Amino acid sequence: DQQVKQNSPSLSVQEGRISILNCDYTNSMFDYFLWYKKYPAEGPTFLISISSIKDKNEDGRFTVFLNKSAKHLSLHIVPSQPGDSAVYFCAASAGNGNKLVFGAGTILRVKS
Amino acid sequence: ETGVTQSPTHLIKTRGQQVTLRCSSQSGHNTVSWYQQALGQGPQFIFQYYREEENGRGNFPPRFSGLQFPNYSSELNVNALELDDSALYLCASSRGDSEAFFGQGTRLTVV
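So the protein sequences, as listed, match chains A and B. Just so you know, we're using this note's numbering here: the first sequence kicks off at 589 and counts up by one. Just so you know, we're using this note's numbering here: the second sequence kicks off at 399 and counts up by one.
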């Protein structure tokens, strides 16, 4: 039972353009959502998070949007840079102290 | 301030053996969680320790066990290793409900 789904295994974007990574979830109890970035041979690095009481959170080039009715969130990266090329994981928790449920990840390639 | 460190970085074990993986949490963090990441998948929650007590467990058999020490470092023990236990094992530390910070992981190969 996959509670967090990232349906796009990979995404390729031109440098300077917008990258949009999508994530869907099924568990209505999830109230906190996070995005992590992972380079090869490194652990996941926290990028940005959003609480279910908000519908948008912005941090520099990264913006996360949450649509609770659709159980959907997305990560926007503007402008995309070659250094953004990595695997991006969407994760969710249900108010239970950071016991995270992860999606399978999306490989982002930013071409220069 | 040191980050989350895991040891060893790579490990090869034979089926049926036992393994211990170690994690030092980030300074000031009292919660440690362990995740298993199989190839091509996202990390899966194994269990969490808060102030030396287990604080939640994912869908993993009892042969996966852990400890947290007074300095908040932690161990993950896996008994009777199976081929499917081959994966990247990630440790994450946090302070309360703050964001979790991950170590670089231990790559375990069971042959």
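Just so it is clear, CB atoms sit at the ideal spot from N, CA and C, and this is done for glycine as well. Note that the structure is predicted; figures quoted are calculated from it, not measured.
Cα-Cα, which of the options is closest to residue i?
| i | options | result |
| --- | --- | --- |
| B/Gly401 | B/Cys489, B/Glu451, B/Leu481 and B/Val508 | B/Cys489 |
| A/Asp612 | A/Ile636, A/Ser673, A/Val675 and A/Lys659 | A/Lys659 |
| A/Pro667 | A/Lys593, A/Gln594 and A/Val601 | A/Val601 |
| A/Pro632 | A/Ala679, A/Tyr624 and A/Asn595 | A/Tyr624 |
| B/Ser492 | B/Thr412, B/Thr403 and B/His427 | B/His427 |
| B/Ala436 | A/Tyr620, A/Ser700, A/Ala692 and A/Arg697 | A/Ala692 |
| A/Val689 | B/Thr429, B/Asn457 and B/Gln466 | B/Asn457 |
| B/Tyr470 | B/Leu409, B/Cys421, B/Asp482 and B/Arg413 | B/Cys421 |
| B/Gly440 | B/Leu506, B/Thr507, B/Ala485 and B/Gly501 | B/Ala485 |
| B/Asp482 | B/Arg413, B/Gly501 and B/Thr407 | B/Arg413 |
| A/Leu661 | A/Val675, A/Ala674 and A/Ile636 | A/Ile636 |
Across which residues does DSSP place residue i in a beta bridge pair?
| i | result |
| --- | --- |
| B/Asn475 | B/Thr418 and B/Ser463 |
| A/Ser637 | A/Leu622 |
| A/Gln669 | The partner list for A/Gln669 (beta bridge, DSSP) is empty, contrary to what the question assumes. |
| B/Ser431 | B/Gln446 and B/Ala490 |
| A/Phe653 | A/Lys644 and A/Ser662 |
| A/Ile608 | A/His664 |
| A/Leu599 | A/Leu696 |
| B/Ala485 | B/Leu506 |
| A/Lys593 | A/Asp612 |
| B/Ser496 | B/Ser496 pairs with nothing; no bridge assigned. |
| A/Ser681 | A/Tyr620 |
| A/Ala674 | A/Leu696 |
List the endpoints of the continuous beta strand (DSSP E) containing residue i.
| i | result |
| --- | --- |
| B/Lys411 | His408 to Lys411 |
| B/Glu451 | Glu451 to Arg455 |
| A/Glu646 | Lys644 to Asp647 |
| B/Ser511 | Past the edges of chain B, shown from 399 to 509, lies residue 511 of chain B, and the structure says nothing about it. |
| A/Lys699 | Thr694 to Lys699 |
| A/Asn615 | That residue, A/Asn615, is in no beta strand (DSSP E); it is neither H nor E in DSSP. |
| B/Phe458 | Where B/Phe458 is concerned, there is no enclosing beta strand (DSSP E), given that its DSSP letter is neither H nor E. |
Would you mind giving the Cβ-Cβ distance between residue i and residue j, rounded to the nearest angstrom? I have them listed as a contact below 8 Å.
| i | j | result |
| --- | --- | --- |
| B/Glu497 | A/Leu622 | 7 Å |
| B/Gln416 | B/Val476 | 7 Å |
| B/Ser431 | A/Asn686 | 6 Å |
Inset, instruction - Name, going along the chain, the residues of the region 646–661 of chain A whose beta-carbon falls closer than 7 Å to a beta-carbon of chain B. - result: none
Legend entry - Under 7 Å (Cβ pairs) to chain B, residues found in the region 666–682 of chain A: Phe677
Inset, instruction - Please name the residues in the region 630–643 of chain A whose beta-carbon is closer than 7 Å to at least one beta-carbon of chain B, in chain order. - result: Glu630, Gly631, Pro632, Phe634 and Ser637
Inset, instruction - Could you list the residues in the region 473–499 of chain B with a C-beta less than 7 Å from some C-beta on chain A, going in chain order? - result: Leu488, Ser492, Asp495, Glu497, Ala498 and Phe499
Inset, instruction - Would you list, in chain order, the members of the region 438–462 of chain B that have their beta-carbon closer than 8 Å to a beta-carbon of chain A? - result: Gly438, Gln439, Gly440, Pro441, Gln442, Phe443, Gln446, Tyr448, Asn453, Gly454 and Gly456
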